[in-house]
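Asker: Input: one structure, supplied below.
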Amino acid sequence: MKLDFYIVHTFTEKIFSGIPVFVIPLDNWLSEGVMQKIAKENTGISTVYFVQNTHGYYVRWFMHDKELTLSCPGAIAVCHILKTVLHYTKDKVNLYTRAGTLDVNVRSSSAIRNNFYTLNLASKPADTFEMPKKIQKQLYAELIQAVKSKDLFLILKKEDDLLNIEINNYAGIKDELEFDKLFLTVRGYNDSVKARCFSFNSGINEIPIANLALCTLIPYWSKKLDKKEIQVTQLSEPYISFVCRHNADNVSISANAKTYSVGSIYTR
Numbered sequence: 030m031k032l033d034f035y036i037v038h039t040f041t042e043k044i045f046s047g048i049p050v051f052v053i054p055l056d057n058w059l060s061e062g063v064m065q066k067i068a069k070e071n072t073g074i075s076t077v078y079f080v081q082n083t084h085g086y087y088v089r090w091f092m093h094d095k096e097l098t099l100s101c102p103g104a105i106a107v108c109h110i111l112k113t114v115l116h117y118t119k120d121k122v123n124l125y126t127r128a129g130t131l132d133v134n135v136r137s138s139s140a141i142r143n144n145f146y147t148l149n150l151a152s153k154p155a156d157t158f159e160m161p162k163k164i165q166k167q168l169y170a171e172l173i174q175a176v177k178s179k180d181l182f183l184i185l186k187k188e189d190d191l192l193n194i195e196i197n198n199y200a201g202i203k204d205e206l207e208f209d210k211l212f213l214t215v216r217g218y219n220d221s222v223k224a225r226c227f228s229f230n231s232g233i234n235e236i237p238i239a240n241l242a243l244c245t246l247i248p249y250w251s252k253k254l255d256k257k258e259i260q261v262t263q264l265s266e267p268y269i270s271f272v273c274r275h276n277a278d279n280v281s282i283s284a285n286a287k288t289y290s291v292g293s294i295y296t297r
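Below, the structure is given as structure tokens:
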């Protein structure tokens, strides 16, 4: 079977930047085993499949070793292909995922600063967290506050500490505390927000900040800075920068995308 694919760079307006996503439109679902095998060939980036239904599109996203519940870059990549390749004309796309229905605005009145794609996700306010002193001493960074949801968020005082993180100092967090991800963040110039994110799923690996943890990060900073619209920048590769907005009970994440590559694969 021959399948068309597209590699889309998301959270960027330029090629050779942003977060790459491997996108495969389907008429009907492949077997789960085949979808995982294709994703395994794309180590390092997510692979997204979508099938049209009556009201929108069913979407599934995979990393090389597992299926994901939801992917922000993957959602933007799907909408980009719908708009630029498959001639989708509406202002909103309904994506049906394992996490529920995800609404994406496509250059509509709700888009922020003319960004092309805007995801709308339910906000998840943070709870305060008392960092164990033993672990706090290992950080070698001045900590203002720690908060938590499903993930752990450390608010640092200095941007230099965020830039020069020695991630091995955070091994104690992985070993002694049960969190999926660690988000390190600091207030930047002109009330922007700088951040880095690390996954604890397999060792300690840095991952893009454009993930569901933004549903906690943005409400936190919105309250602290007393502003709804926030520029967020990742202070490590891929150095993405994008705009988020806190709207009472949801978070809007706006970004652009560029098609990098088009091709075909064969499953037999």
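So for the sequence shown, the working numbering puts the first residue at 30; every next one is plus one. We treat Cβ as the ideally placed atom computed from N, Cα and C, and that holds for glycine. On a predicted model such as this, the values are computed, not experimentally measured, just so you know.
1. Please identify the residue among Glu205, Leu148 and Arg136 whose C-alpha is closest to the C-alpha of Gln165.
2. Leu241 by DSSP, collapsed to three states: which one?
3. Does the contact criterion of 3 or more C-beta pairs under 8 Å hold for the region 160-175 versus the region 190-210?
4. Count the other CB atoms within 10 Å of the CB of Met64; is the residue buried (16 or more) or exposed (fewer)?
5. Alpha carbon to alpha carbon, what distance is there between Phe45 and Thr83?
6. Based on Cα-Cα distance, which residue from Asn123, Phe145, Val176 and Leu148 lies nearest to Thr157?
7. How about Thr147 and Val133: are their beta carbons less than 8 Å apart?
8. So what's Ile173 in DSSP terms, helix, strand or just coil?
9. Compare the beta carbon distance of Ile233 and Ala200 with 8 Å and say whether it is the shorter of the two.
10. Applying the 10 Å Cβ sphere with the 16-neighbour rule, what's the burial state of Pro102?
11. Tell me Gln260's beta-bridge partners as DSSP assigns them.
12. Could you tell me which whole alpha helix (DSSP H) segments of length 4 or greater appear in the region 82-137?
13. Closest to Ile236 by C-alpha separation, out of Asn279, Trp58, Ser100 and Thr245, would be which residue?
14. Over what stretch of residues does the beta strand (DSSP E) that includes Gly292 continue unbroken?
15. Give the secondary structure of Pro161 by DSSP, where H, G and I count as helix, E and B as strand, and everything else as coil.
16. Going by C-alpha to C-alpha distance, which of Ser270, Leu111 and Val80 sits closest to Trp58?
17. Would you say Val135 and Asp120 are within 8 Å of each other, going by their C-beta atoms?
18. Leaving aside the five residues before and after Ala128 along the sequence, list all residues of the same chain whose C-beta is less than 7 Å from its C-beta, in chain order.
19. Does DSSP put Asp56 in a helix, a strand or coil?
20. First and last residue of the beta strand (DSSP E) that includes Lys31?
21. Would you mind reading off the limits of the beta strand (DSSP E) that contains Ala151?
Answerer: To lay it out plainly:
1. Sorting Glu205, Leu148 and Arg136 by C-alpha distance to the C-alpha of Gln165 places Glu205 at the top.
2. When DSSP states are grouped into helix, strand and coil, Leu241 belongs to the coil group.
3. When C-beta atoms of the region 160-175 are compared with those of the region 190-210, three or more pairs fall below 8 Å, so the two segments count as touching.
4. When all chains shown are included, Met64 counts as buried.
5. Each residue's alpha carbon lies about 36 Å from the other.
6. Residue Val176 is the option with its Cα nearest to Thr157.
7. The answer is yes: Cβ separation under 8 Å.
8. Strand, per DSSP.
9. At the C-beta level, Ile233 and Ala200 come within 8 Å of one another.
10. In the assembly as shown, Pro102 is a buried residue. Its beta-carbon has 16 or more other beta-carbons within 10 Å.
11. Here Gln260 is bridged, per DSSP, to Val272.
12. 101-113, all fully within the region 82-137.
13. Minimum Cα distance to Ile236 is reached at Ser100.
14. From DSSP, the beta strand (DSSP E) with Gly292 extends over Ala286 to Tyr295.
15. DSSP, reduced to helix, strand and coil, places Pro161 outside both helices and strands of the structure shown, so it counts as coil.
16. Val80 is the residue among Ser270, Leu111 and Val80 whose C-alpha sits nearest the C-alpha of Trp58.
17. If you check the CB distance, Val135 and Asp120 come in under 8 Å.
18. When the five nearest sequence neighbours on each side are left out, the beta carbons in the same chain lying within less than 7 Å of the beta carbon of Ala128 are those of Thr98 and Leu99, in order along the chain.
19. Judged by DSSP in its simplified three-state form, Asp56 adopts coil rather than helix or strand.
20. Lys31 -> beta strand (DSSP E) spans Lys31 to Thr39.
21. Unbroken beta strand (DSSP E) run through Ala151: Tyr146 to Ala151.
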